[in-house]
Amino acid sequence: MPTAPQTTDELYQALKENDRRPYGRTRTVTAEELVDDAEQFDEPVCLVHALLELQEAYTYGSEPRKSPVVFARLLTLFDEQPDVFDERLRHMLFWRFKWVANALRALPEIPLASLRQWLTEMRDRYEKADLGLQPYYGQAYQLASHVGEDTTLAYELWAGRTRTRLSDCEACEICDRALYHLTAGDDERALRAWEPVLAGKESCQEEPARSASYALLPLLRTGRTDRARELHLAGYRGCRRNPSMSQEVGRHLEFCALTGNEARGLELLAENRSLFDEVDSPLDQLSFLTGVEVLLQRVELLGHGELPAAGYAGRTWTVAGLRAEVRGRADDLAARFDARNGTTAHTDRRKARLDHAPLLESLELTLRPRSLDDVAPAAPVAAPAARTTATVPDSLPELILQARTLDDQGHPDAPACWARLRTLVAARDYTHPDDPAVGPLVQLRADLLAHEASRVGERDEFADAADLHEEAAALYDDAGVPGHAALARACALLATAEIPAEGADKAETTAAALTAAHASMVRLHEETPGLTPHQEARLLRLRATAFGLRLQTSGSEEHVAPVLAAVDLLHAFATRHDLVGQISGALLLRSGAYAISGDLPAAVTEVDALLDRLKAHGPAWHLPRTLGLRGRLQLGLQDAQGAHADLTEGLRLAADWPADAVDTARLHGDLAQACMHLGRPDEALRHLTRSAELELRRGSRTDAFCAYSNAAQLSLDLDRVEDCIALLDSLLAEPDVAAGEVDDRLVAQLRMTRARALHAGEDLKAATAEFVALAAESAGWDDDPGSHAMIAAETAVLLGESGEFGRAREAADQALVAHARAPRYEQLSNCLRELGRLQAQQQGPDGLADALAFLADAGRIADEARAAEYEAHGRSLDSALAYEHGRVNAYAGEYEDSLAALEKALALLGEPGRDDDSAGEWAECVRLAGAVEGLYLERPAPALARLDAAVSRLTALGHTEETEPLISLAARLRDEE
């Protein structure tokens with residue numbers, strides 16, 4: 013806090029601001045400072061408020077040792093100056109007797125006799141104040157349950173009593189009743205008791221997150237796996253990183269361990285690493301650490317004890333090391349509680365959790381299911397099971413020769429050989445074979461560099477690829493193999509030409525670079541003697557590829573013929589030397605050239621001929637890519653069903669080969685597009701996520717994050733809000749994202765989608781905070797003011813929904829400034845109209861002037877759009893603005909102005925037609941005009957005439973659905989006449 017409050021008003025304002033902060037050290041430290049500040053004022057009520065805030069911070073910040081100390085001060089103030097406590101403060105004081113009981117129970121150093129003594133104090137105080145004793149009996153039951161005594165009588169004394177104003181909230185009591193049945197082994201009865209909370213009918217600060225965490229395993233045991241999955245996603249979001257809900261976090265980790273989601277469990281553990289140090293409650297620690305141990309035990313049992321794990325700060329942990337540490341601490345805590353209580357309840361409960369066998373071998377919890385192999389460092393992509401991969405020879409000379417042979421063929425098994433050789437050559441004791449057929453070590457090093465360069469180029473890292481190819485070429489020169497050197501230099505030329513150009517004429521610059529690269533390749537080809545047929549064919553392929561990329565970049569018709577000529581040259585040469593892989597490559601390039609030039613039927617004809625050839629002569633591994641191209645062509649021809657069939661077959665065949673070799677990721681991505689065209693969004697979502705994960709595994713992280721971004725947006729469009737949030741949480745926790753190594757605009761898009769999902773999930777506070785942060789960051793995007801305008805506009809609306817209209821006005825002004833540089837007419841108009849509506853709706857007449865100011869800004873935007881001849885994609889900006897004037901004035905009680913605005917909106921819209929999309933908007937204007945005129949201005953006759961005429965008009969045009977609200981309003985007006 014910058015400066016201490018100088019007046020009581022400033023103190024109350026500071027307390028109010030601190031109350032908005034999330035629970036944790038920042039809020040707690042501020043609350044401690046505010047208590048010190050309150051003591052300088054000679055007003056006990058200020059101190060009472062500050063102490064109440066501090067006790068709340070301690071309680072929900074998981075610091076139970078300090079909460080009773082603060083309450084003791086409050087109780088002393090109450091005993092000495094009861095008049096300071098009004099009815100509200102008195103209620104809060106007596107409510108918090110329960111908080112102290114909970115805090116003392118959580119501390120094993122507090123004797124059991126002291127716990128019982130406190131309950132006696134609570135009972136005496138309640139009786140003296142003539143308060144019902146149901147809350148006392150609730151605490152007595154909680155103590156019996158904690159100690160491990162027979163709870164039957166204690167439960168009946170509590171649950172059978174009538175609730176009072178000081179009883180725990182309905183949601184919390186429902187959870188406690190359900191836990192009683194769960195402890196008795198009755199899953200079904202517990203779940204029936206929980207239903208009002210789990211269904212969202214009862215809630216509080218801790219619920220339904222607390223109940224959801226307990227209900228996960230009973231739901232699995234009773235076969236309700238889908239419901240368990242839903243509650244895991246929603247419930248975990250409600251408790252993550254919250255020190256006061258560490259027990260709940262532990263139960264979610266346990267759930268992951270028992271459903272085959274160990275990798276997700278480790279991910280969630282990393283997200284909650286701070287809980288190891290922030291949770292000061294021994295009871296919470298015990299439950300959290302037991303959940304952690306269940307997870308770590310399962311991971312170690314599966315043979316992954318050496319995986320890294322997030323644990324206590326100050327050192328690096330493995331799963332096995334952290335498990336040992338956690339086990340020791342949790343065993344000690346359980347023993348301390350049992351020693352205090354004189355039972356073995358906590359040790360027994362802990363053992364039961366640790367002995368629990370997995371309930372399901374696998375349950376897909378998120379859109380990003382991952383195994384422990386996926387999270388292992390440098391985890392290799394699993395080899396396909398449908399085909400037996402070529403055996404990697406044990407003999408080093410054979411391995412080198414096989415790698416080169418397979419590489420010449422473009423065979424998918426070549427990378428496995430190169431990977432094995434890379435490991436062998438890197439070893440300190442590597443000895444190169446003295447074999448003329450193998451060649452010198454420098455040649456093998458060049459081979460490995462060339463292979464690595466190709467891999468880097470596939471990730472579009474063209475500058476690095478070019479450098480590696482040049483380095484390989486130099487080594488080939490040293491080895492005395494000029495043909496290989498020429499190939500490496502040709503690859504370097506192509507990679508250099510593909511480096512993204514800068515400036516306004518990027519396409520022209522890139523096309524010129526590709527032309528120059530082709531010319532250099534031709535010279536290189538002509539000047540290199542002794543080329544083998546394989547080398548010549550590869551050079552011809554590179555030359556054709558350069559021209560193909562030029563056509564793709566320019567789209568110029570004059571660049572079509574050179575591509576086809578280069579392809580013909582390659583095809584003729586490959587046919588003459590029976591190089592089946594290069595024949596296939598030539599035909600694929602030809603089909604691509606036709607497709608880029610816009611002649612899709614010709615492209616399909618070429619692809620069909622290629623498919624026939626591949627089925628007859630091979631190579632078989634070209635079939636998936638070729639079917640993928642045919643599928644994309646079918647999409648271009650608007651044949652989504654045909655595309656789906658081709659892509660599905662391509663994906664089936666791709667299962668026989670390594671995913672990178674046949675671009676399985678792209679097949680999934682294209683199939684997702686086909687599914688969307690066919691109206692199968694759920695199937696599309698599955699393919700999108702699979703495509704993204706494959707891209708991620710092969711190191712194409714930008715492509716992967718783009719695909720995941722699309723998947724997240726689609727899941728949000730499908731109203732799978734929790735799936736969307738869980739997916740984005742997982743992505744944003746990736747190490748390179750957290751380290752700022754991923755493109756900031758891409759990460760901003762992920763965060764924005766997540767914020768929208770939070771808003772859709774009714775977490776307005778979190779959504780607003782994320783948008784405010786994004787708006788601040790995007791303000792520095794000088795190269796993209798349009799995006800900042802849209803982000804700031806959306807931020808303003810969320811602030812308006814939160815009732816923070818001052819900050820909303822500031823955000824809207826930022827959006828307007830950015831809009832002046834890069835117009836976003838429709839988005840800004842929508843934002844400003846919505847802000848006007850929100851302010852008038854929330855503040856009524858008091859907010860009218862500011863609401864109309866927002867609408868005036870929207871009017872200027874509409875004027876600018878009209879002058880720029882901009883056509884809105886949705887509603888007309890003018891008619892929408894007139895309608896909003898009608899709503900805003902109605903909220904403020906200015907009914908004549910409201911009706912006049914609505915009349916203007918109807919005039920701008922005009923009468924709807926049979927196929928008019930604006931019929932719904934027109935009907936809503938009529939409805940609101942009828943309501944204002946008939947209900948608020950009390951002129952039912954003209955209102956009914958308006959409504960009846962509109963119903964007749966809409967009915968005659970076939971818009972019967974739009975008539976329903978009009979008919980309902982007319983009936984209400986007639987009833988009131």
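The opening position of the sequence shown corresponds to residue 13 in this note's numbering, with each subsequent residue numbered one higher. Quick reminder that beta carbons are idealized off the backbone N, C-alpha and C, glycines included.
Beta-carbon proximity of residue i to residue j, cut-off 9 Å
{"i": "R233", "j": "C187", "result": "no"}
{"i": "L847", "j": "L828", "result": "no"}
{"i": "T638", "j": "S703", "result": "no"}
{"i": "D292", "j": "E75", "result": "yes"}
{"i": "L178", "j": "F106", "result": "yes"}
{"i": "L375", "j": "Q309", "result": "no"}
{"i": "A834", "j": "P797", "result": "yes"}
{"i": "D672", "j": "E470", "result": "yes"}
{"i": "F559", "j": "H571", "result": "yes"}
{"i": "G495", "j": "T540", "result": "yes"}
{"i": "G323", "j": "Q259", "result": "no"}
Residue from the options with nearest C-alpha to residue i
{"i": "E936", "options": "G946, L959, L947, L949", "result": "L959"}
{"i": "L726", "options": "D694, E705, A738", "result": "D694"}
{"i": "L499", "options": "E548, E65, A529", "result": "E548"}
{"i": "E838", "options": "E816, R887, D162, D755", "result": "R887"}
{"i": "L810", "options": "D675, V60, A787, D796", "result": "A787"}
{"i": "G942", "options": "D929, E973, L87, G898", "result": "G898"}
{"i": "E62", "options": "E569, R709, Y24, D446", "result": "Note on residue identity: the sequence assigns Ala, not Glu, to residue 62. With distances taken between Cα atoms, A62 lies closest to Y24."}
{"i": "V209", "options": "A913, Y192, C181", "result": "C181"}
{"i": "L27", "options": "V47, R37, G36", "result": "V47"}
{"i": "A369", "options": "C268, S603, P747, A118", "result": "C268"}
{"i": "T527", "options": "H546, A497, S566", "result": "S566"}
{"i": "R241", "options": "A504, G495, D735, T967", "result": "D735"}
{"i": "D928", "options": "H971, Y903, A913", "result": "H971"}
{"i": "M104", "options": "S532, V60, G630, D447", "result": "V60"}
{"i": "V784", "options": "A772, G812, L758", "result": "G812"}
{"i": "L981", "options": "A962, T967, L969", "result": "A962"}
{"i": "Y248", "options": "R276, G235, Q18, G272", "result": "R276"}
Supposed close pair residue i, residue j - CB separation, criterion 8 Å
{"i": "S891", "j": "L921", "result": "5 Å"}
{"i": "D715", "j": "E705", "result": "About 11 Å separates the two Cβ atoms, so there is no contact after all."}
{"i": "L379", "j": "L645", "result": "Not a contact, Cβ separation roughly 29 Å."}
{"i": "L313", "j": "R263", "result": "In fact, because the Cβ distance is near 20 Å, the residues do not count as touching under 8 Å."}
{"i": "A598", "j": "A607", "result": "Contact doesn't hold; Cβ gap of about 15 Å is too wide."}
{"i": "L740", "j": "L762", "result": "6 Å"}
{"i": "P424", "j": "V674", "result": "7 Å"}
{"i": "H680", "j": "L663", "result": "7 Å"}
{"i": "A342", "j": "E305", "result": "6 Å"}
{"i": "T701", "j": "A686", "result": "In fact, because the Cβ distance is near 16 Å, the residues do not count as touching under 8 Å."}
{"i": "Q297", "j": "L243", "result": "Not confirmed; about 24 Å, so no contact."}
{"i": "T71", "j": "W111", "result": "5 Å"}
Span of the alpha helix (DSSP H) around residue i
{"i": "S841", "result": "837 to 855"}
{"i": "E933", "result": "931 to 943"}
{"i": "Y153", "result": "146 to 159"}
{"i": "E75", "result": "Unbroken run through E75: none, as it is neither H nor E."}
{"i": "H634", "result": "Careful: H634 lies outside any alpha helix (DSSP H) and carries neither H nor E."}
{"i": "C181", "result": "Run containing C181: none; DSSP gives neither H nor E here."}
{"i": "T975", "result": "972 to 988"}
{"i": "Y324", "result": "First-last for Y324: undefined, no H or E at that position."}
{"i": "P409", "result": "408 to 421"}
{"i": "W111", "result": "99 to 117"}
{"i": "S742", "result": "733 to 744"}
For this session: At 4 residues or longer, and completely inside the stretch 435 to 476: list those alpha helix (DSSP H) runs for me, N to C.
Result: Runs of the alpha helix (DSSP H) spanning 4 or more residues and lying entirely within the stretch 435 to 476 occur at 453 to 470, in chain order.
Exercise. At which residue ranges does the stretch 583 to 617 contain complete alpha helix (DSSP H) runs of 4 or more residues, listed in the order of the chain?
Worked result: The stretch 583 to 617 contains these whole alpha helix (DSSP H) runs: 592 to 609.
For this session: Would you mind listing the alpha helix (DSSP H) stretches within the stretch 668 to 699 that are 4+ residues and don't spill past its ends, in chain order?
Result: Taking 4 residues as the shortest admissible run, the stretch 668 to 699 contains the following complete alpha helix (DSSP H) segments, listed from N- to C-terminal end: 671 to 674, 676 to 689.
Exercise. Of all the alpha helix (DSSP H) runs that stay within the bounds of the stretch 276 to 303, which reach a length of 4 or more residues?
Worked result: Given a length threshold of 4 residues, each whole run of the alpha helix (DSSP H) inside the stretch 276 to 303 is given here in chain order: 287 to 290.
Problem set entry | Runs of alpha helix (DSSP H) wholly within the stretch 202 to 242 (minimum 4 residues, chain order) | Runs found: 221 to 233.
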